[in-house]
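Participant:
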Amino acid sequence: MKALVLQEKNRLAILDMPLEEKTGPDDVKIKIHTVGICGSDVHYYEFGKIGNFVVTEPMVLGHEASGTVIEVGRNVRHNGRNLKEGDRVCMEPGIPDLHSRATMEGMYNLDPAVRFWATPPIHGCLRETVVHPAMFTFKLPDNVSYGEGAMVEPLSVGLQAAKKAAVKPGDTALVCGCGTIGLVTALAARAAGCSKVIISDTIQPKLDLAAKYGLIPVNIKAQQLQEVVAKETGGWGVDIIFEASGSEAAVAGIFQPLCPGGRVVFIGMPVNPVPVDIVAAQAKEARMETIFRYAHVYPRAIALLASGNIDVKPLITDRYKFADAIKAYDYAVHPRPQSVKVVIEME
Ligand SMILES: [Zn+2]
-9 MKALVLQEKN
1 RLAILDMPLE
11 EKTGPDDVKI
21 KIHTVGICGS
31 DVHYYEFGKI
41 GNFVVTEPMV
51 LGHEASGTVI
61 EVGRNVRHNG
71 RNLKEGDRVC
81 MEPGIPDLHS
91 RATMEGMYNL
101 DPAVRFWATP
111 PIHGCLRETV
121 VHPAMFTFKL
131 PDNVSYGEGA
141 MVEPLSVGLQ
151 AAKKAAVKPG
161 DTALVCGCGT
171 IGLVTALAAR
181 AAGCSKVIIS
191 DTIQPKLDLA
201 AKYGLIPVNI
211 KAQQLQEVVA
221 KETGGWGVDI
231 IFEASGSEAA
241 VAGIFQPLCP
251 GGRVVFIGMP
261 VNPVPVDIVA
271 AQAKEARMET
281 IFRYAHVYPR
291 AIALLASGNI
301 DVKPLITDRY
311 KFADAIKAYD
321 YAVHPRPQSV
331 KVVIEME
């Protein structure tokens, strides 16, 4: 079948790949419809690796996907998902070992044996069809489009962060970083009950989009973040800080805008180890949380899209057809500043 293949760093091709798979009793086969381009896909394209994950042989890219069920394994009707042919779905891209200790303890995202699409050596889903466990495949309600379905993956990161922060009704929050993950985290924080969400970045068109959502944008090139936070919180500081930039400078001053007893969730992944000011954290008895992808949040993300509590449609800024997938990736390496999510449609 046709697939978008990263042959080595900086070399992409649409190739015919021998990826035909058999649909097992607990699996469904999905005809792929929309695949979002993630920062990680772009990073593999540009650098051929992320940390210890190195592309050493050709790999199909893509992990943020939606599609249509075209075949159903014989056990699937009985396993709780009730999927059938023709259902529109989105897929959770990480498949853990279902019998591992991490999975049994409810942290399947942390299973060391997890097989995650487009993380070497596992092929991604920018291809015609894919066979996937039904339990990691989720039906989309009629009012949630394929594009929104592909956005469930990044949105789930935001929801995992909101969950880890244990948002309480009326909390105030600051999100550092206004990229896709910063924006979905801000939307998740608000849906979870935050009364006010401040979001900081240096790229004005992204902040303008945040403002349209009713978030409070701060361009840290032109404004003092600390002053805005003080003004918005009566000098107390925000209850929660979501670090979604991965920037060393942001981490260095991360506890400053926090209120006493507040919490910080680290979402962004700095490329290199960065220093953390422990005493600044101690002085506020800050609680620190981290996240790695997500677990148990896909159904919640879909429900929030269906209810209208979260609208990700304005975040899908650029669409390409599969025939232009390489063009889409080249664009995603150097996007317009107002771009948030680039998606590729298979048909
Ligand atoms: Zn992603």
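Going by the numbering used here, the sequence shown opens with residue -9, and the numbers climb by one from there. We put the CB at the ideal spot given by N, CA and C, even for glycine. Nothing here was measured: the structure is a model prediction, and the numbers come from that model.
#1: What separation, rounded to the nearest whole angstrom, lies between the Cα atoms of Thr58 and Tyr310?
#2: Is Phe312 buried or exposed, if buried means 16 or more other CB atoms sit within 10 Å of its CB?
#3: Measure the alpha-carbon distance for Pro195 versus Gly169 and round it to whole angstroms.
#4: Give the DSSP bridge partners of Thr127, in chain order.
#5: Do Ala124 and Asn42 have their C-beta atoms closer together than 8 Å?
#6: With 16 as the cutoff for other CB atoms within 10 Å, does His113 come out buried or exposed?
#7: Compute every distance between the C-beta of His33 and the non-hydrogen atoms of ligand 1, then say whether any falls below 7 Å.
#8: Taking Arg91 as part of the alpha helix (DSSP H), name the residues at either end of that continuous run.
#9: Measuring alpha carbon to alpha carbon, tell me which residue in Ser235, Gly172, Leu(-4), Glu337 is nearest Ala200.
#10: Would you list the one or two residues that DSSP bridges to Ile281?
#11: Any idea if Phe232 is buried or exposed, counting beta-carbon neighbours within 10 angstroms, 16 or more meaning buried?
#12: Of all the options Glu61, Gly38, Leu73, which has the alpha carbon lying nearest to the alpha carbon of Thr119?
#13: With C-beta atoms as the reference, is Val255 less than 8 Å away from Glu279?
#14: Leaving out five residues before and five after Ala103 in sequence, what residues of the same chain have Cβ atoms less than 8 Å from its Cβ?
Facilitator: A quick look at the data gives this:
#1: What you label residue 58 is simply residue 68 of the sequence shown in a count that begins at 1. What you label residue 310 is simply residue 320 of the sequence shown in a count that begins at 1. In a straight line, the C-alpha of Thr58 is about 19 Å away from that of Tyr310.
#2: Counting from one through the sequence shown, the residue named residue 312 turns up at place 322. Buried.
#3: Position 205 of the sequence shown, counting from 1, holds the residue named residue 195. Position 179 of the sequence shown, counting from 1, holds the residue named residue 169. Each residue's Cα considered, the two are about 11 Å apart.
#4: Reading the sequence shown from its first residue, position 137 is the one you call residue 127. BP columns for Thr127 point to Met81.
#5: In the sequence shown, counting from the first residue as 1, residue 124 sits at position 134. In the sequence shown, counting from the first residue as 1, residue 42 sits at position 52. Not a contact, by the Cβ cut-off of 8 Å.
#6: Translated into positions along the sequence shown, residue 113 becomes position 123. So His113 counts as buried.
#7: Position 43 of the sequence shown, counted from the first residue, corresponds to residue 33. Not so, every heavy atom of ligand 1 lies at least 7 Å from the Cβ.
#8: Residue 91 sits at position 101 when you count from the first residue of the sequence shown. Looking at the DSSP string, the run of the alpha helix (DSSP H) that includes Arg91 is 91 to 94.
#9: As a working note, residue 200 is residue 210 in the sequence shown. The shortest C-alpha separation from Ala200 is found at Gly172.
#10: As a position in the sequence shown, residue 281 is number 291, starting the count at 1. DSSP, once it has assigned bridges, lists no residue as partnering Ile281.
#11: Here residue 232 refers to the residue found at position 242 of the sequence shown. Buried, because 16 or more other Cβ atoms sit within 10 Å of the Cβ of Phe232.
#12: Along the sequence shown, read from residue 1 onward, the residue named residue 119 stands at position 129. Of Glu61, Gly38, Leu73, the residue nearest in Cα terms is Glu61.
#13: For the purposes of this step, residue 255 is identified with residue 265 of the sequence shown, where counting begins at 1. For the purposes of this step, residue 279 is identified with residue 289 of the sequence shown, where counting begins at 1. Going by C-beta atoms, Val255 is nearer than 8 Å to Glu279.
#14: Start at 1 with the first residue of the sequence shown, and residue 103 comes out as number 113. Cβ within range, chain order: Pro86, Asp87, Ser90.
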